[in-house]
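Counting in UniProt numbering, the sequence shown runs from 1 upward without gaps.
C-beta atoms are modelled at their ideal positions from N, C-alpha and C, and glycine is treated no differently.
Everything numeric in this text was worked out from a predicted model, so none of it was measured.
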Amino acid sequence: MKTMSPSGGAAPYGDNNIDKRSPPIPYDSRTLQRTGYDARGLRSSENVISYDSYDSYGLESTTNYATSNSSPARVNHMGGASQMMSPPHRAEYEEYGGITSFSDEEMDGFDSRMSRGMLRSGPGGEPRAKSMMRYNELERERTMRRQTVVQNQQRGSNFFSGTLKLSMMNTGIIPLKKAESDTLTSSFYEKPVSISEFQKHCGQRRKYHVLLQIEYNNAIKEKELRNSSRHGNKKTNAEKNQNPKVIPYDFNRVVLENEDAVPDSDYINASYVDSLVQPKAYIVTQGPTETTIGDFWRMVWQERASCIVMVTRTFDFIRVMCVQYWPAGKNREEIYSGIGVTVENEEQLANFMIRTIRLRKLGEERKVILFHYTEWPCHSNPFSNALLEFRRRVRNVMNHHPDTQDGPVIVHCNDGAGRSGVYLAIDANIELSEEDGVFDVFGYLRKMRQQRPGLVETLSQYRFVYETLLEYTRGIDSRFPVSELATKIKERGIKDKKTKKNAYQMEYSLICNQTPRFTIGDCAAGHRADNRDKNRNVLIVPPDNFRPYLTSFQGNNCTDYINAVFVDGYTHPREYIVTEWPLPSTCSDIWSLVYDHDCSALVVLCNPPTSSGNFPSFWPESQRSKKYGQVFTVEHVSHNHFPNIRTWTFKINKKIVSLTELMAGVKAPSKTCQLFQLMCWPQGHKVPTSTNALVELMNMVENWRQKTDYGPVVVVSA
Numbered sequence: 001m002k003t004m005s006p007s008g009g010a011a012p013y014g015d016n017n018i019d020k021r022s023p024p025i026p027y028d029s030r031t032l033q034r035t036g037y038d039a040r041g042l043r044s045s046e047n048v049i050s051y052d053s054y055d056s057y058g059l060e061s062t063t064n065y066a067t068s069n070s071s072p073a074r075v076n077h078m079g080g081a082s083q084m085m086s087p088p089h090r091a092e093y094e095e096y097g098g099i100t101s102f103s104d105e106e107m108d109g110f111d112s113r114m115s116r117g118m119l120r121s122g123p124g125g126e127p128r129a130k131s132m133m134r135y136n137e138l139e140r141e142r143t144m145r146r147q148t149v150v151q152n153q154q155r156g157s158n159f160f161s162g163t164l165k166l167s168m169m170n171t172g173i174i175p176l177k178k179a180e181s182d183t184l185t186s187s188f189y190e191k192p193v194s195i196s197e198f199q200k201h202c203g204q205r206r207k208y209h210v211l212l213q214i215e216y217n218n219a220i221k222e223k224e225l226r227n228s229s230r231h232g233n234k235k236t237n238a239e240k241n242q243n244p245k246v247i248p249y250d251f252n253r254v255v256l257e258n259e260d261a262v263p264d265s266d267y268i269n270a271s272y273v274d275s276l277v278q279p280k281a282y283i284v285t286q287g288p289t290e291t292t293i294g295d296f297w298r299m300v301w302q303e304r305a306s307c308i309v310m311v312t313r314t315f316d317f318i319r320v321m322c323v324q325y326w327p328a329g330k331n332r333e334e335i336y337s338g339i340g341v342t343v344e345n346e347e348q349l350a351n352f353m354i355r356t357i358r359l360r361k362l363g364e365e366r367k368v369i370l371f372h373y374t375e376w377p378c379h380s381n382p383f384s385n386a387l388l389e390f391r392r393r394v395r396n397v398m399n400h401h402p403d404t405q406d407g408p409v410i411v412h413c414n415d416g417a418g419r420s421g422v423y424l425a426i427d428a429n430i431e432l433s434e435e436d437g438v439f440d441v442f443g444y445l446r447k448m449r450q451q452r453p454g455l456v457e458t459l460s461q462y463r464f465v466y467e468t469l470l471e472y473t474r475g476i477d478s479r480f481p482v483s484e485l486a487t488k489i490k491e492r493g494i495k496d497k498k499t500k501k502n503a504y505q506m507e508y509s510l511i512c513n514q515t516p517r518f519t520i521g522d523c524a525a526g527h528r529a530d531n532r533d534k535n536r537n538v539l540i541v542p543p544d545n546f547r548p549y550l551t552s553f554q555g556n557n558c559t560d561y562i563n564a565v566f567v568d569g570y571t572h573p574r575e576y577i578v579t580e581w582p583l584p585s586t587c588s589d590i591w592s593l594v595y596d597h598d599c600s601a602l603v604v605l606c607n608p609p610t611s612s613g614n615f616p617s618f619w620p621e622s623q624r625s626k627k628y629g630q631v632f633t634v635e636h637v638s639h640n641h642f643p644n645i646r647t648w649t650f651k652i653n654k655k656i657v658s659l660t661e662l663m664a665g666v667k668a669p670s671k672t673c674q675l676f677q678l679m680c681w682p683q684g685h686k687v688p689t690s691t692n693a694l695v696e697l698m699n700m701v702e703n704w705r706q707k708t709d710y711g712p713v714v715v716v717s718a
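And the structure:
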C-alpha cells in the first residue's frame, strides 16, 4: 500500500519515512473524515486524507494528515476519533448520565505521566504501547465529558427559550395567530405521549393554557379538512339534518338500502369514523327526529350493530334534543320501518341507563344494548369518573356479551358533533393506550375531523378529554364481589413496603387528587355579601351547579341560598343533600330545604352541645310544635329513642306570605319528614364508636323511604 508524506509525495513504507516530531495516532481516523470533527473535537470543514498502515508501535492504525497548513503534530496529537466511544465505555457513560468514572485531575495526571512515558520508552516498546492505549481511553472520556457539558448547556438554553416563549404566548405578548404557526409549540403536541409522561403533559397545559388553545386550533383547521357533502346538502335531505353545520361527508357517509318509490331514501345523517386501531369502529349520527326514527333503526339493522351509545338527554336547554326512539314501557313492541322494537330490560344507575332491546324483522331476532348517559347537559361536561364507568360498561358488553354482533358502535348526541366526538376521543385513546401504551389526543382529533365535521366542538370539551384520560391513568379499580369483602379488608390493611401506606391510604390520596378545583366564580352564591353570614366556614361553600335552591318565599330579605350540595347515589342522581349544622340565623332555611325538595328523611350524624348557642337545636324535641321564621311551623308527631339512635316524626306546615300567591288562592300542603339522629359519633371523632349503630341507622332510613316517596335524604353534620 502506498503512503503519503506530509508534503504530498509518495513514500515507501517504513519507520524512517514517518514524521518523528510526534507519535502517530492509534485511532481509526476515518471517523474524522466521516463526522467532520477536527483534532480538538470541533466541527471542521477541512479535507482529510486517510490511509491504512501500521504505526511505529506495532498497532494497526490509520494515519491522517490534513491537506491544509495545520501542523501534523497537532493533528496526530488528538485525532478525530476522540468523538467515538467503545460500547463498554458508552454504556458506563450513559449509566452515569454523562459523568464518567475518571476525574479531570486524574486525566491531567495521566497526561503528564503519558508524556514522560513516551520519552522513556522507545518505538515499538510494550510499555509505551499500553500507556498509549490508556491515554487514548482517557482522552475519549475527557472529550465526551466536554461534549456533555456543551449539550447540557444547549439543552438548558433550548428549555429556557422554550419556556420563555410559552410564557410570552400565555400572557398575550406573542399573538395567538403567530403562536399557532410557531414550530416550537408544535413539538409539544404532534407526537403521541406515553402513559408515564401523560401527567407531566397535562400539567404543562395547565401551566400554559395557551398551549391547549393552540393545539386545539391546529387540530380543527378547516382549510385542510374540508370535504364534499353533496348528498347531505340536497333539498330533499335538508329536513333530515338537525344542524346544517354538521353534514356527513360523501366519501364515508352511511348509505342505507333504498326503499321502493322513496327518493333519496339511502340518506341518513351518519358517518363511519375510525378508531386509532380499527377502521370503521364507530358510526356517529345525530339524534333521531320524528321523521328519521325509521331510518335510524334501518341503519342499526343493516350495520348489524349491537351497542348504541346515547350521550344526550331527550329534552335539555328548553328544547327537544332527541326524540325517544324506543318504546316507553317494557315488553311492548313498536314497529319502525318494518322493524319491531321491544324493551326487555332496564337498569337504572345514577348517571346512565342500560336498556336491553329486542329487534325483530322477517322472523329474525337480534339483541341491542342501548347505553343512555342521562347526566350530560348540552353546554357543560359530566364527571370524568362517571363517564369512565359508563365507557367501561360499554366495552364490557362489546367484549363479553354473547349476543354481540360484529357491527360498529353507534354513537349519537343531539347533532352527532361535540359530545359524540368527546366520547370517541376518550374511548379510542384508552383503546390505544391498552394496545401501545400511548395517547394521541391531537392526532385523533385531526383524524376525526377529517371524517365528520364538528366532533369535539369546543375548547372546553377538548380540555375535558385530557382531564378524563388523566383520571383514567390515575384510576384504581376498587370493585370486587361481596363474597370477597372479608378477604379484601385484610389485604387492604397491609402496608406496602416501599410507600409505607396501605390500600386505604393510597385510595384516599387518589380521591383527594381527583377533587375538582372550583374557583370563586364557580361558587359565586356562597361568596355574595348577603349570603356570607350563612356559612360556618367561608372556605367551604357549594358550587352553584350542584347546590339546591330554596324556592319558598320567606321575606324580602331572604335569598335562595343555603350551604348545601347535591350528591349522587349509586342508582339515582342527586339522592342526597349534604349540609352543615344550621346557624341561629339559618334554622328556617333547613326546613325550607326539606319542604322545597320533598325530603322525607333527615339524618343528623352528630350530637354537638346546644347550650353554647353555636349549634342551636333546629327541631322541636319536647314541644308539640315550633315556628321557624315567618313561614314554617314544625309539628311534633311522634318519637322513638334507642340506645344509639333517636327518631322523630314531624309534620311541616307552610304559611303563604306572598301576596301574589294569596290572591291566587294558593294553599301549601303539609309534608311529613322523619329525623334520625346518631348518638354515638361524638364531635371531634373521625369515626363513630359503634359501627353496628351506623348500619342499623341506614336500614331504618331505607325502610322509612320505602314507605314514603324516594325524595332526597338530607344529611347534616357539624
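What does the alpha-carbon distance come out to for the pair F390 and L256? For the purposes of this step, residue 390 is taken as the residue at position 390 of the sequence shown. For the purposes of this step, residue 256 is taken as the residue at position 256 of the sequence shown. Taken atom to atom, the span from the alpha-carbon of F390 to that of L256 is near 29 Å.
Does DSSP put C587 in a helix, in a strand, or in coil? Looking up residue 587 in the sequence shown gives position 587. Helix at C587.
Is there contact here, the stretch 333-341 with the stretch 357-364, by at least three beta-carbon pairs under 8 Å? Three or more beta-carbon pairs drawn from the stretch 333-341 and the stretch 357-364 are found closer than 8 Å, and the two stretches are therefore classed as touching.
I need the DSSP call for D372, collapsed to helix, strand or coil. Along the sequence shown, one-based indexing puts residue 372 at 372. Checking the sequence, you will find His at residue 372 rather than Asp. H372: strand per DSSP, three-state reduction.
If you drop the 5 nearest sequence neighbours on each side, which residues of the same chain put their C-beta closer than 7 Å to that of D406? Here residue 406 corresponds to residue number 406 of the sequence shown, with the count starting at 1. Excluding residues up to 5 positions away in sequence, R304 lie with their Cβ nearer than 7 Å to the Cβ of D406 in the same chain.
Let me check understanding here. Comparing Cα to Cα, which of P609, P192, G172 lies closest to L445? Counting from 1 along the sequence shown, the entry for residue 445 is found at position 445. If we check each option's Cα against that of L445, P192 comes out closest.
One question on the structure: do Y595 and I652 come within less than 7 Å of each other, judged by their Cβ atoms? Counting from one through the sequence shown, the residue named residue 595 turns up at place 595. Counting from one through the sequence shown, the residue named residue 652 turns up at place 652. With a cutoff of 7 Å on beta-carbon distance, Y595 and I652 are scored as near each other.
C-beta atoms of Y208 and L166 nearer than 7 Å: Residue 208 sits at position 208 when you count from the first residue of the sequence shown. Residue 166 sits at position 166 when you count from the first residue of the sequence shown. It is a contact, given that the beta carbons lie within the stated cut-off.
Mark A261 as exposed unless 16 or more other C-beta atoms lie within 10 angstroms of its C-beta, in which case mark it buried. Position 261 of the sequence shown, counted from the first residue, corresponds to residue 261. Per the 10 Å Cβ criterion, exposed.
Once the 5 residues before and after N557 are set aside, which same chain residues still bring their CB inside 7 Å of it? Within the sequence shown, numbered from 1, the residue matching residue 557 stands at position 557. For N557, where only same-chain residues beyond five positions count, there are no Cβ hits under 7 Å.
For L593, tell me which candidate among V300, V715, N170 has the shortest Cα-Cα distance. The sequence position of residue 593 within the sequence shown is 593, counting from 1. With distances taken between Cα atoms, L593 lies closest to V715.
E696 to L602, Cα distance in whole Å? By 1-based counting over the sequence shown, the position of residue 696 is 696. By 1-based counting over the sequence shown, the position of residue 602 is 602. Distance between the alpha carbons of E696 and L602 is about 15 Å.
From the DSSP output, which residues share a beta bridge with W681? For the purposes of this step, residue 681 is taken as the residue at position 681 of the sequence shown. None; W681 has no bridge partner.
Under 7 Å between the Cβ atoms of F518 and P543? Position 518 of the sequence shown, counting from 1, holds the residue named residue 518. Position 543 of the sequence shown, counting from 1, holds the residue named residue 543. At the C-beta level, F518 and P543 come within 7 Å of one another.
Inter-residue Cα distance where the pair is D709 and S600: Numbered from its first residue, the sequence shown carries residue 709 at position 709. Numbered from its first residue, the sequence shown carries residue 600 at position 600. The C-alpha of S600 is placed about 7 Å away from the C-alpha of D709.
Count the C-beta pairs between the stretch 634-651 and the stretch 674-686 that are closer than 8 Å, then say yes if the count reaches three, no if not. Contact annotation: the stretch 634-651 touches the stretch 674-686, with at least three C-beta pairs closer than 8 Å.
Going straight from the alpha carbon of G421 to that of V368, what length do you get? Numbered from 1 along the sequence shown, position 421 holds the residue referred to as residue 421. Numbered from 1 along the sequence shown, position 368 holds the residue referred to as residue 368. Just so you know, the alpha carbons of G421 and V368 end up roughly 22 Å apart.
What is the rounded straight-line gap between the Cα of E259 and the Cα of S265? What you label residue 259 is simply residue 259 of the sequence shown in a count that begins at 1. What you label residue 265 is simply residue 265 of the sequence shown in a count that begins at 1. Between the alpha carbons of E259 and S265 lies a distance of about 6 Å.
Do you know whose CA, among L583, D598, L605, G629, lies nearest S612's CA? Against the sequence shown, residue 612 aligns to sequence position 612. Minimum Cα distance to S612 is reached at L583.
Report the CB separation of V311 from R419 in whole angstroms; it is logged as a contact under 8 Å. Position 311 of the sequence shown, counting from 1, holds the residue named residue 311. Position 419 of the sequence shown, counting from 1, holds the residue named residue 419. About 5 Å separates the beta carbon of V311 from that of R419, a gap short enough to meet the 8 Å contact definition.
Under 8 Å Cβ to Cβ from W301, same chain only, skipping five residues before and after it: list those, please. Taking the first residue of the sequence shown as 1, we reach residue 301 at position 301. Here the set comprises I339, L359, K361, R366.
Relative to the C-alpha of D427, which residue among I220, E222, S275 is closest? Sequence index remark: in the sequence shown, residue 427 carries index 427 (1-based). Closest option to D427, Cα to Cα, is S275.
According to DSSP, is F618 helix, strand or coil? Looking up residue 618 in the sequence shown gives position 618. The answer is coil: DSSP assigns F618 none of H, G, I, E or B.
In chain order, what residues of the same chain have a beta carbon less than 8 Å from the beta carbon of I577, not counting five sequence neighbours either side? Taking the sequence shown and counting its residues from 1, one reaches residue 577 at position 577. Only P548, A564, V565, F566, V567, L593, H597, C599, P712, V713, V714, V715 meet the Cβ criterion.
Contact defined as beta carbons within less than 8 Å: I believe E457 pairs with A425. What is the distance between those atoms, to the nearest angstrom? Numbered from its first residue, the sequence shown carries residue 457 at position 457. Numbered from its first residue, the sequence shown carries residue 425 at position 425. Contact between E457 and A425 is absent: CB atoms are separated by about 12 Å, not below the 8 Å threshold.
Would you identify the three-state DSSP class for N703, choosing helix, strand or coil? Here residue 703 refers to the residue found at position 703 of the sequence shown. Reduced to three states, the DSSP call for N703 is helix.
Please say whether V210 and R452 have beta carbons closer to each other than 7 Å? The sequence position of residue 452 within the sequence shown is 452, counting from 1. The sequence position of residue 210 within the sequence shown is 210, counting from 1. The answer is no: Cβ separation not under 7 Å.
Near G454, which residues of its chain fall below 6 Å by C-beta distance, leaving aside the five closest residues on each side in sequence? Translated into positions along the sequence shown, residue 454 becomes position 454. These residues qualify, in order along the chain: V246, A417.
Of all the options F464, S228, S625, which has the alpha carbon lying nearest to the alpha carbon of A386? Along the sequence shown, one-based indexing puts residue 386 at 386. Selected option, being the one with the closest Cα: F464.
Output the boundary residues of the beta strand (DSSP E) element that contains H641. What you label residue 641 is simply residue 641 of the sequence shown in a count that begins at 1. Counted as a single uninterrupted DSSP element, the beta strand (DSSP E) harbouring H641 occupies residues 632-641.
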